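Here the structure is laid out as structure tokens; the discussion comes afterwards.
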């Protein structure tokens, strides 16, 4: 059994327990853009994924290239690594 002590915040206790049992992270990285004003597009996951999958997620996204134009919030990768979490663009990007 896990016991969290030393604090009065229930939210902090819950976070510490979750971090111990199943650490998760939001992933931010870039993907290549074809025909855009910039060569790279910043992207992020729409939610946290298991920490153990972060490196694999970044590797999967390294193989992605999108065509410009791109809208902010556009889904770039659906259900990354079967986590139920999508990857979206963090900005809009026009054609060159």
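Residue numbers (the numbering used here): 1249 to 1344. From the three backbone atoms N, C-alpha and C, an ideal C-beta is built for every residue, glycine too. Small disclaimer: the values here were computed from a predicted structure and weren't measured.
Pairing residue 1329 with residue 1309 gives a Cβ-Cβ distance that is not under 8 Å. DSSP places residue 1258 in no beta strand (DSSP E) but in the uninterrupted alpha helix (DSSP H) bounded by 1258–1269. Rounded to the nearest angstrom, the Cβ distance from residue 1324 to residue 1335 is 5 Å, consistent with a contact under 8 Å. Looking at the backbone, the Cα of residue 1341 and that of residue 1327 are separated by about 22 Å. Cβ contact annotation for residue 1293 (same chain, cutoff 6 Å, sequence separation greater than five): 1274, 1275, 1333 and 1335, in chain order.
Residue 1255 and residue 1299 have their C-alpha atoms some 25 Å from each other.
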